[in-house]
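In terms of this note's numbering, the sequence shown is residues 65 to 422.
A virtual CB, placed ideally from N, CA and C, is assigned to each residue, including glycine.
It should be emphasised that the depicted structure is a prediction, and the values quoted were computed from it without experimental measurement.
Okay, so here's the structure we're looking at.
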Amino acid sequence: MATTPSNLGVLQIEPTDHCNLACRMCAPHAEGWETVHGVPKGYLPMPLYTRIIDGLVDEDCRFDHVIFQWLGDPSLHPELESMVAYAGRRLKGRVGYLRFDTNALLLLPDRMDRLVATRDPEVPLLVVFTLDATTPATYQRVKGRDGLVRARRHIRRLLSLRASGSSNLHVQVQFVVQEGNAHEAGDFLRYWSDAFRCHGRGHGHAEIMFKRLSVSGGAEGQVAADRLYEETMSRFGIRAGEQDGVSVVTWNDRPWQEDDGHRGSRTACPGLWLTPVIRQDGHLLMCCSDLHSELDLGALSESSFRTLWDGEKATRTRLKHLAGRFEGVCAGCGGINWYAITPDHVASTHQRAASLGL
65 MATTPSNLGV
75 LQIEPTDHCN
85 LACRMCAPHA
95 EGWETVHGVP
105 KGYLPMPLYT
115 RIIDGLVDED
125 CRFDHVIFQW
135 LGDPSLHPEL
145 ESMVAYAGRR
155 LKGRVGYLRF
165 DTNALLLLPD
175 RMDRLVATRD
185 PEVPLLVVFT
195 LDATTPATYQ
205 RVKGRDGLVR
215 ARRHIRRLLS
225 LRASGSSNLH
235 VQVQFVVQEG
245 NAHEAGDFLR
255 YWSDAFRCHG
265 RGHGHAEIMF
275 KRLSVSGGAE
285 GQVAADRLYE
295 ETMSRFGIRA
305 GEQDGVSVVT
315 WNDRPWQEDD
325 GHRGSRTACP
335 GLWLTPVIRQ
345 DGHLLMCCSD
355 LHSELDLGAL
365 SESSFRTLWD
375 GEKATRTRLK
385 HLAGRFEGVC
395 AGCGGINWYA
405 ITPDHVASTH
415 QRAASLGL
């Protein structure tokens, strides 16, 4: 049976779709949606999670990396540290690294200690802190609630643990440029550059990321957001590169193949091949921009990853994209521009379609 290539890109696992902030750029939480994915909010049960991970091992699935986060903050899940540790043990050799994104508000000292003590040091771990502000007033404005001082305190403690000898522990702080915080980009760079130098490089990578704002997958307003980003980077002289052990990362490319200012250049979206997402209830989806679960492939409690990922619904959706037909949630999206499908992806899709009689 033909399958997709062994490199399945980036796997996103959602520990929970609950969040303790209401960021302006995140519609589900800023607008207070009762449900985020069209299903009740919840927490991924640990027995189901371990079954899913074991299934990935049994099918020899390999990913560039695994991200523990989607539309909630993973630190709200009481067993996040156990999830990271289990994935490290079971997926060693099958993933390049593990990652989780958090606002840091609940990453308390005992949880940091547990995270460092239980994780497999041979598997790199990247902890991404989403901050988007330098002053408490701006944090409140763009994040919806107070918390900057607490978040900074927690991050600095993790930096201290990292400097004291925790190997393969990498830290990134993020600033998503948007209306309401763009004026603080220069101060953000200075603050965290000083913080990283103060705590030393430790045994991992220190990184400051400046991101473009994604407007509903390249919808109306994306060009304005991109313009603000480019003007802000120029205004403060922020450029990608490494200085004194601190790496600065910028987004020089547009995040979408097509948006409200660039029409007619869209090709098949690589997300359908390279960015599988596991929802908090264990359902497998094809894209992290699918907020309402239109591309739900089924429950991993009932079917294996390969059965769903190479199944009829997934294959039909990929064939439509290859034919230039973008329907449903895909019709209103610009198509992600971070990855690229290869001739092998295309060939395997046609082979799989033939075997299914499509």
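Is it right to say S353 is buried, meaning 16 or more other beta carbons lie within 10 angstroms of its own, or is it exposed? Only buried fits S353, as 16 or more other CB atoms lie within 10 angstroms of its CB.
If you run the structure through DSSP and keep just helix, strand and coil, what is L223? Reduced to three states, the DSSP call for L223 is helix.
Identify, in the order they occur along the chain, each residue of the same chain with its Cβ nearer than 6 Å to the Cβ of H82, setting aside the five sequence neighbours on each side. For H82, the CB contacts under 6 Å within the same chain, skipping 5 residues up- and downstream, are K105, G136 and L140 in chain order.
What residues in its chain sit with their C-beta under 6 Å from that of E284, if we drop five residues either side in the sequence? Around E284: D324.
Using a threshold of 8 Å, state whether the C-beta atoms of D196 and V240 are closer than that. A distance below 8 Å separates the beta carbons of D196 and V240.
Across which residues does DSSP place H347 in a beta bridge pair? Beta-bridge pairing links H347 to A363.
Can you tell me the Cβ-Cβ gap for P334 and Y403, rounded? I've got them flagged as a contact below 8 Å. Right, the Cβ-Cβ distance comes to about 4 Å (below 8 Å), so this counts as a contact.
Are the region 205-219 and the region 86-95 in contact at 8 Å, needing three or more beta carbon pairs? Touching, yes.
For a quick check, are the C-beta atoms of V393 and L372 less than 8 Å apart? Cβ distance not < 8 Å, so V393 and L372 don't count as in contact.
Relative to the C-alpha of V103, which residue among E95, L355 and Y203 is closest? The option with the nearest alpha carbon to V103 is L355.
Give the secondary structure of I400 by DSSP, where H, G and I count as helix, E and B as strand, and everything else as coil. Here I400 sits in strand by DSSP.
Own chain partners of G375 with C-beta closer than 7 Å, once the 5 adjacent residues on each side are dropped: Closer than 7 Å at Cβ, skipping near neighbours: L361.
First and last residue of the beta strand (DSSP E) that includes D137? Neither: D137 is in no beta strand (DSSP E) and is coded neither H nor E.
Which runs of the alpha helix (DSSP H) spanning at least 4 residues fall entirely within the region 80-138, listed in chain order? If we require 4 residues or more, the alpha helix (DSSP H) runs fully inside the region 80-138 come out as 91-94 and 110-122.
What residues match up with I272 in a beta bridge as DSSP calls it? In the DSSP assignment, the residues bridged to I272 are V237 and V312.
Determine, using beta-carbon pairs with one atom in the region 309-322 and one in the region 381-388, whether at least three such pairs fall under 8 Å. No, the region 309-322 is not in contact with the region 381-388.
Report yes if the CB atom of R416 is closer than 8 Å to the CB atom of T379, and no otherwise. When the beta-carbon positions are compared, R416 and T379 come within less than 8 Å of each other.
Backbone secondary structure at E78 - three-state DSSP: Note: E78 maps to coil in three-state DSSP.
Would you say the region 292-310 touches the region 242-258, given that touching needs at least three Cβ pairs under 8 Å? Enough Cβ pairs lie closer than 8 Å, so yes.
Applying the criterion that 16 or more other CB atoms from any shown protein chain within 10 Å of the CB defines a buried residue, is S329 buried or exposed? Exposed: under 16 other Cβ atoms inside 10 Å.
Beta-bridge pairing of H326 - partner residues as DSSP gives them: D323.
Can the beta-carbon of G268 be found less than 8 Å from the beta-carbon of L233? Taking 8 Å as the Cβ cut-off, G268 and L233 qualify as a contacting pair.
Three-state secondary structure (DSSP) at G281? Look at G281 here: in three-state DSSP terms it is coil, with no helix or strand label.
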